[in-house]
Amino acid sequence: MKRLRMTVLLLLFGVGSLYAQMVVAAHPAFPAERLTLVQLRKIYLGKMRYLGGKRLLVINLPLDDPLRQRFEKRIVHHTPAWLNRYWLRQHYLGHRPPKVMSSEEGAALLIRHFERALGYMHEKTARTYGLKILFRMPAL
Amino acid sequence: MKNLYILLILILLPWRIWAEDDALQIGYRIPATPLYLGGYFSTEYLRSPHRQIWDIDDAALMLYGEYDTFDLLSEFEIADLYKSEHGRLHHEQFNRTIHIERLYMTYYFDDLQSLRIGKFNTPVGYWNLVPINLFRETTSSPYLATAIFPKLTTGVDYHRTMRAGMLESLDLILQKNEDFDDTYNNFDSDSHYGVRFSFAQETLLWQFAAGTFRYHRFAYNYYLLGAFQLEGERMDWQVEAGVRRDPRRRWLHALYLQDVWHLGVHTDLVVRIEHYREEATDKIVMNALGGIVFRPNAKTALKAEFQTGRRFAPRTLLSISMIF
Numbered sequence: 000m001k002r003l004r005m006t007v008l009l010l011l012f013g014v015g016s017l018y019a020q021m022v023v024a025a026h027p028a029f030p031a032e033r034l035t036l037v038q039l040r041k042i043y044l045g046k047m048r049y050l051g052g053k054r055l056l057v058i059n060l061p062l063d064d065p066l067r068q069r070f071e072k073r074i075v076h077h078t079p080a081w082l083n084r085y086w087l088r089q090h091y092l093g094h095r096p097p098k099v100m101s102s103e104e105g106a107a108l109l110i111r112h113f114e115r116a117l118g119y120m121h122e123k124t125a126r127t128y129g130l131k132i133l134f135r136m137p138a139l
Numbered sequence: 000m001k002n003l004y005i006l007l008i009l010i011l012l013p014w015r016i017w018a019e020d021d022a023l024q025i026g027y028r029i030p031a032t033p034l035y036l037g038g039y040f041s042t043e044y045l046r047s048p049h050r051q052i053w054d055i056d057d058a059a060l061m062l063y064g065e066y067d068t069f070d071l072l073s074e075f076e077i078a079d080l081y082k083s084e085h086g087r088l089h090h091e092q093f094n095r096t097i098h099i100e101r102l103y104m105t106y107y108f109d110d111l112q113s114l115r116i117g118k119f120n121t122p123v124g125y126w127n128l129v130p131i132n133l134f135r136e137t138t139s140s141p142y143l144a145t146a147i148f149p150k151l152t153t154g155v156d157y158h159r160t161m162r163a164g165m166l167e168s169l170d171l172i173l174q175k176n177e178d179f180d181d182t183y184n185n186f187d188s189d190s191h192y193g194v195r196f197s198f199a200q201e202t203l204l205w206q207f208a209a210g211t212f213r214y215h216r217f218a219y220n221y222y223l224l225g226a227f228q229l230e231g232e233r234m235d236w237q238v239e240a241g242v243r244r245d246p247r248r249r250w251l252h253a254l255y256l257q258d259v260w261h262l263g264v265h266t267d268l269v270v271r272i273e274h275y276r277e278e279a280t281d282k283i284v285m286n287a288l289g290g291i292v293f294r295p296n297a298k299t300a301l302k303a304e305f306q307t308g309r310r311f312a313p314r315t316l317l318s319i320s321m322i323f
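So the sequences go chain by chain: A and B.
In this text, residue positions in the first sequence follow numbering that gives the first Met the number 0: the first is 0, and each later residue adds one.
In this text, residue positions in the second sequence follow numbering that gives the first Met the number 0: the first is 0, and each later residue adds one.
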């Protein structure tokens, strides 16, 4: 009985951590199956704006969202202040920053409607909305 | 007129400094179009032993947008909107002429290749790509930025992004016509051919460029440029070095090294040293600059700098710049 309880707990913990994992997800018809960390960094800095001949629609979460803070620190590798300055320079060059959605559910819904859209979210959200997972954030 | 100028600053400054700091809400989207409106403004005060200048240096309006496989950008500017000089000369001027600073369209062939047509900042060096006061670390520009290659090109730029390796991109620049509007260009060129290779490895960037251009229909020039940029948590480094062979077959060189220390979230300390052969005097000039930049928010910069050196009259520059 004790062993069974232990197994259930381990399974629950495993499933829980899988669902808490952060991923980058896109529409099922997105023109790539996987993205590398370097590609993602380029996409989120607007240095790579096309894929498979389609202009990408890149989704961000609000500035104070913990997911965004984690994503910018670990994937984009820059501080919010640096990114502010960077996007102001891009504004001068005629480029727009990623589109901001107020929640990851909102981001998932938008991605669900646009073949060329992608964004970061919890794996659970991506699965709920039937999105294609392009990248899994490496564990700490 | 001076009072009007001060009043303008007093009105604009608090509005910008205490505005909400979210750089992602930049520009104004024109409803039902993919177009955005934006602009910038900067004003300077220069003091040197023989003169003092108050200047509303830049007032510019930009209109840009992205649609499908096209980008469009236009920028119209009034330079020296108001200028007041005191010292050996006393004069005041008010300029209302609007000039085309940039006007171009970019077509993206695929994920990696694009072609830009129109008038654009020559994609050579780091300083030249974002030449407006707000983005620069100092109010003044290094001599190199104005003496080695044409700042603006009216022609085409083929850009190729590389998939892998340290070579990040390649640019081929071609101009075989007059400038749209030569007001802002350092050379009134009617022909320009250039190539640039850009490399990147994490936060380290470097590039090499070479080219030839002609002005006044007969004055042929050749240039070579190398540039290096390293961004760190506490300090940024930038070095650019270039040579130009002018129509008199002289090799004119210019280089600068710039360090920026991030003293805090809003404050940077800047040091720059320059060495160049000045075209007009044919003399070697060395100068050093120390400055401080205060950015109360990402869209506003207040700067103060002092510059002095050999064959260089000491001067102090103050400026305020904003973008919207």
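We treat Cβ as the ideally placed atom computed from N, Cα and C, and that holds for glycine.
These figures come from a predicted structure and were not determined experimentally.
- Annotated three-state conformation of V123/B is coil, per DSSP.
- Collapsing the DSSP output to three states places K123/A in a helix.
- If you check each beta-carbon in the segment 60-91 of chain A against every beta-carbon of chain B, the ones closer than 7 Å belong to L62, A80, N83, R84, W86, L87, R88, H90, Y91.
- Linking H77/A to N59/A through their CA atoms gives a straight-line distance of about 15 Å.
- Per DSSP, the continuous beta strand (DSSP E) segment holding Q257/B begins and ends at 250-261.
- In the DSSP assignment, K41/A falls within the alpha helix (DSSP H) that extends over 36-43.
- The beta carbon of M47/A is closer than 6 Å to those of K41 in its chain, skipping five residues each way along the sequence.
- Under the three-state reduction of DSSP output, Q68/A falls in the helix class.
- About 7 Å separates the beta carbons of L317/B and E43/B, which is inside the 8 Å limit, making them a contact pair.
- Interface with chain A (8 Å Cβ-Cβ cutoff): D110/B is included.
- Scanning chain A for C-beta atoms nearer than 7 Å to the C-beta of G37/B yields H90, reported in chain order.
- With a threshold of 8 Å between beta carbons, Y49/A makes contact with chain B.
- Taken through DSSP and simplified to helix, strand or coil, I272/B comes out as strand.
- One finds A80, N83, R84, W86, L87 in chain A with Cβ atoms closer than 9 Å to the Cβ of A297/B, taken in chain order.
- The Cβ-Cβ distance between F323/B and G38/B falls below 8 Å.
- Among the residues of chain A, none has a CB under 9 Å from the CB of G124/B; the nearest is roughly 15 Å distant.
- Put simply, the CB of E65/B is near chain A, with a gap under 8 Å to one of its CB atoms.
- Pairing V269/B with Y275/B gives a Cβ-Cβ distance that is not under 8 Å.
- In chain order, G26, Y35, E65 make up the part of chain B whose C-beta sits under 8 Å from the C-beta of R95/A.
- Here E65/B is buried, its C-beta having at least 16 other C-beta atoms within 10 Å.
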